[in-house]
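Colleague:
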Amino acid sequence: MAITFLMDGKEVTAEENKTLLDIARENGVDIPTICFHEATTANALCRICVVEVEGQRVLQPACIVKAGAGMKVQTRSEKVIRARRTILEMLDSTMDLSETPEIQNMMKDYNADPNRFPDAERRESDVKDDNPMYVRDYSKCLLCWRCVQVCAEDAQYTFAINFDGRGFETQIGTFFGKSIPETSCVLCGQCVAVCPTGALKPKREFLLEQGMSPQEISVLNTGRKQKSKVKGRDDFRPLTGLEER
Ligand code: SF4
Ligand code: FES
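For the sequence shown, the residue numbers in our numbering are 137 to 381.
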C-alpha cells in the first residue's frame, strides 16, 4: 500500500514499510550515513542520519525508522544539522579519521570544528598484524559493526569477531583476544570490504604503504606458501610487516 507524507515540506508518496532513508534517496534528498551499508542489517549506531519528525521528542535515525502516512519530516533542520555536526566533532576527537575522506567531507559540509573537544580521550591501538590477509588498526575504528555483521548472520556465518569491552573501552575483537589464525576466521575478506575507515586493510596495501615493493611482498608470500605446504595451516607463518624484511 502506498502512503503519503511530507519530507522537507514536499509531499512524497512511497510504498509502506520503507525507511525514511530509502524514500529520501528515491526522491533525491541527501541524508548522510556512516554505519549504514546496503549489505548489512541497519542498527542505527552512528546516528549521523538523524532527522526531525514532528511530534517526536528526539531525533529519529532515518536508516531504521519507517515512514508513516501523514508524517512531517525535516531532513536538514537547525536541530538536525547541530546534531550531525556534534556527532562528527565527537568522532574526530576520539579516533583517526585520516583514511575516511567521506567523513572528512561531511566535516566540511557541516562546518564541524575538529578542535571542539580538545581534552577528549582518543582511542589508541597498535596495528594488529597477525594473519596473511589483513591488518587491524582499531584506532581507526568507529564501531559501525559492519565487520561483525558480515562475519555473522548477514553473510558469512563465521562468527570470528565481535564486540569486546564496555562503554568507551568497547572495541571489536576476537573471542579471548585470540589471533585471527586461531579463530574461526576463513580469511574471506568480507569484513575488510565493508569497513568504512581503513581500520581493516588488506595486508598487501598495508605493506605497500609501509614502503615495501611488490617484489618484496611476493617473496614473503612465496615463503609463506612453502612453509604452509610443509607444516599445514596450524603452523603457517603469517606474512608480517617490515620486521620481516
Ligand atoms: S573495524 Fe571497520 S567495519 Fe569493523 S566496526 Fe570498526 S570501522 Fe566498522
Ligand atoms: S547511518 Fe543511520 S545510524 Fe548510522
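Quick reminder that beta carbons are idealized off the backbone N, C-alpha and C, glycines included.
1) Considering Cα atoms alone, identify which of 200, 206, 253 and 247 is closest to residue 226.
2) Quick one: what's residue 138 bridged to in DSSP?
3) Per DSSP, residue 307 is paired with what?
4) Return yes when the C-beta of residue 195 is under 8 Å from any heavy atom of the ligand FES, and no when it is not.
5) Does residue 337 come out as helix, strand or coil in the three-state DSSP assignment?
6) Cβ of residue 159 within 9 Å of Cβ of residue 238?
7) Hey, could you find the ends of the beta strand (DSSP E) residue 186 is sitting in?
8) Are the segment 209-222 and the segment 245-252 touching, with three or more C-beta to C-beta distances below 8 Å?
9) Spatial neighbours of residue 276 within its chain, please: C-beta separation below 7 Å, excluding the five flanking residues on both sides.
10) What three-state label does DSSP hand residue 271 in the structure shown?
11) Determine the closest residue to residue 179 out of 200, 307, 296 and 244, with distance taken between C-alpha atoms.
12) Residues with a Cβ closer than 6 Å to any heavy atom of the ligand FES, in chain order?
13) At a cut-off of 8 Å, would you count residue 336 as near the ligand SF4, judging by its Cβ distance to the nearest heavy atom?
14) Suppose you measure from the CA of residue 325 to the CA of residue 267; what does that come to, to the nearest Å?
15) Does the segment 179-189 come within contact of the segment 199-219, defined as at least 3 CB pairs closer than 8 Å?
16) Go through its chain and collect everything with a Cβ distance to residue 297's Cβ below 8 Å, but skip five positions before and after it.
17) For residue 168, collect the residues of the same chain with a Cβ closer than 6 Å to its Cβ; drop the 5 residues on either side in sequence, then sort them by chain order.
18) Does the beta-carbon distance from residue 140 to residue 148 come in below 9 Å?
19) Residue 212 and residue 144: beta carbons closer than 9 Å?
20) So, is residue 150 buried or exposed, given that buried needs 16 or more other C-beta atoms within 10 angstroms?
21) Can you tell me whether residue 202 sits near the ligand SF4, meaning its C-beta is under 8 Å from at least one heavy atom of the ligand?
22) Do residue 256 and residue 229 come within 9 Å of each other at the CB atom, strictly closer than that value?
23) Which of helix, strand or coil does DSSP assign to residue 145?
24) In this structure, does DSSP put residue 208 in helix, strand or coil?
Modeller: Per the coordinate set shown:
1) 253
2) In DSSP, residue 138 forms a bridge with 151.
3) 300
4) no
5) strand
6) no
7) 186-189
8) yes
9) 231, 232, 235, 333, 334 and 335
10) strand
11) 200
12) Cβ-based neighbours of the ligand FES within the cut-off: 169, 170, 171, 172, 180, 181, 182, 183, 184, 185, 197 and 199.
13) yes
14) If you take the alpha carbons of residue 325 and residue 267, they lie about 12 Å apart.
15) Between the segment 179-189 and the segment 199-219 there are three or more C-beta pairs closer than 8 Å, enough to call the two in contact.
16) 283, 284, 287, 308, 309, 310, 319, 321 and 327
17) 184 and 242
18) yes
19) yes
20) By the neighbour-count criterion, in which a residue is buried when 16 or more other Cβ atoms sit within 10 angstroms of its Cβ, residue 150 is buried.
21) no
22) yes
23) Residue 145 sits in coil when the DSSP states are folded into three classes, being neither helix nor strand.
24) strand
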